[in-house]
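Heads up, the thing below is written out as structure tokens.
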Amino acid sequence: MQPELLDCAVVGAGAAGLTAAIYLARFRRRIVVIDAGASRLLAIPTSHNYPGFAGGIHGGDILQRLRAQAAHYGASPVTGVVERIARQDDGSFLVSSAGAQWRARTVILATGVVDVEPDLPEVKRAVAAGCVRYCPICDGFEAIGKRVAVLGRGTSGLAEALFLNHFTRDVSLFALHGALRLDDAQRARLARSTVRSVPHAVARLALDERGAMTLWLDNGKIERCDVVYVALGTLVNSGLAQMLGARCTGNGELLVDDHQQTSVDGLYAAGDIVAGLNQITVAMGHAAIAATAVHNRLRAPFLSS
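Residue numbers (this note's numbering): 1 to 305.
As structure tokens, this is what we get:
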């Protein structure tokens, strides 16, 4: 027996997924929201660039507020990890999780990305303390006047180090594995800044009792800073879309049209999974566009009659 046909299945319940759920519920659409409970919002100690909260707000608090608002309109997420989305003969989507299936006319993917963490001790504790960070767009302002280290793979942290140099003159660029080797063009870029490059790899980092970071280098020397920015990239959770044939960038970010629809008809995407700027407010904007597009798509038969 086929599951009930819903209007939309929203996969993921972070900023994008919950915003989409709120819009669709207020559009009086029959939806399901499926969430694995791994939103990156949970790892944000305090966001100071989320509008409306001048004193900052914890990422978990944003998530709690969005969940409460979605629940108010009857759109509480169900817990599950979606393993497969398959296209049905009638054009609908069959969404499968362990022990459960849903069928929907449309799908909004909001499965986000995962930050690549350095395989070093105390990273999670330092993230919780705000001393290891991943997004200088989000919190570069909080680095003003501080000692900042940027940790990349090879020269992957160069652009981030130069970006942070706008906020503080004390920026040092490190590599995680192996010596930091710059070519002539990269050295010329650094020469126009106050960024200092350190050739020796970081072997260990730790948060001390004063809230500062200590970095041990592979030559035995020690460096100290206030904040470490990790520039190791992200893993994009777009496998479900790619299995359906959705177009994406080289690193897996989905390509969408002006209505957030992927190259697969009826499959929409919102948030960090989409190619573009990874920001909470951008994710919510994506979700508003996608949910409205889904609603108007489903209204189309009535509009043309």
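Ideal Cβ placement from N, Cα and C applies to all residues, glycine included.
- Hey, V11 and I31: beta-carbon distance below 8 Å or not? Contact flag unset, no.
- Query: How about V116 and L205: do their beta carbons lie closer than 8 Å?
  - Reply: V116 places its beta carbon 8 Å or farther from that of L205.
- Going by beta carbon distance, what residues of the same chain come within less than 8 Å of R189, once the five residues before and after it are set aside? Same-chain partners within the cutoff: L158 and L162.
- Task: Grab the span of the beta strand (DSSP E) containing L207 for me, first residue to last.
- Result: That run of the beta strand (DSSP E) goes V202 to L207.
- Message: Within a Cβ cutoff of 6 Å, which residues of the same chain sit near R247, ignoring the five residues on either side of it in sequence?
- Response: When the five nearest sequence neighbours on each side are left out, the beta carbons in the same chain lying within less than 6 Å of the beta carbon of R247 are those of L255 and S263, in order along the chain.
- Item | Per-residue burial, R105 [other beta carbons within 10 Å of its own, 16 or more giving buried] | R105 counts as buried, since at least 16 other C-beta atoms from the protein chains shown sit within 10 angstroms of its C-beta.
- Helix, strand or coil at S305 [DSSP, three-state]: Here the model assigns S305 a pLDDT of 40, short of 50, so the residue's position is not dependable and the matter cannot be decided.
- Query: Ordered along the chain, which non-local residues of its own chain (more than five positions away) have a Cβ less than 7 Å from that of Q186?
  - Reply: Sequence-distant Cβ neighbours of Q186 in its own chain, meaning closer than 7 Å and more than five residues away, are T155 and L158.
- Inter-residue spacing [alpha-carbon to alpha-carbon] between L66 and L94: One Cα belongs to L66, the other to L94, and the distance between them is close to 26 Å.
- Item | Assigned exposure category for Q2 - 16 Cβ within 10 Å defines buried | Classification of Q2: exposed, given that the 10 Å Cβ count is below 16.
- Task: Within its chain, find whatever has a CB closer than 8 Å to the CB of G140; leave out the 5 residues flanking it on each side and keep chain order.
- Result: F163, L164, H166 and F167, listed in sequence order.
- Would you call the segment 275–285 and the segment 115–132 touching, i.e. three or more CB-CB distances under 8 Å? Too few Cβ pairs lie closer than 8 Å, so no.
- Message: If you follow the beta strand (DSSP E) that E223 is in, where does it begin and where does it stop?
- Response: Counting along the chain, E223 sits inside the beta strand (DSSP E) bounded by residues I222 to C225.
- Message: Please classify V228 as buried or exposed, where buried requires at least 16 other C-beta atoms within 10 Å of its C-beta.
- Response: Buried, since its Cβ has 16 or more Cβ neighbours within 10 Å.
- Message: Whole angstroms are fine: how far does the CA of A291 sit from the CA of L298?
- Response: The C-alpha of A291 is placed about 11 Å away from the C-alpha of L298.
- Message: When you compare the CB positions of D226 and R169, do they come within less than 8 Å of one another, or not?
- Response: The criterion of a C-beta distance shorter than 8 Å is not satisfied by D226 and R169.
- Check T19 in the structure and name its three-state DSSP category. In the structure shown, T19 sits in a helix (DSSP, three-state: H, G or I).
- Task: Rounded to whole angstroms, what's the CA-CA distance from A283 to N237? Just pull it up for me.
- Result: Annotation: A283 to N237 spans about 15 Å, alpha carbon to alpha carbon.
- Item | Residue interval of the beta strand (DSSP E) (run including F141) | Looking at the DSSP string, F141 is not in any beta strand (DSSP E), and its letter there is neither H nor E.
- At which residues does the beta strand (DSSP E) containing G152 begin and terminate? Segment V148 to G152, the beta strand (DSSP E) holding G152.
- Query: Can you name, in chain order, every residue of its own chain whose Cβ lies under 6 Å from the Cβ of Q261, other than the five neighbours on each side?
  - Reply: Within its own chain, the residues whose Cβ lies closer than 6 Å to the Cβ of Q261, once the five positions on either side in sequence are excluded, are Y268, listed in chain order.
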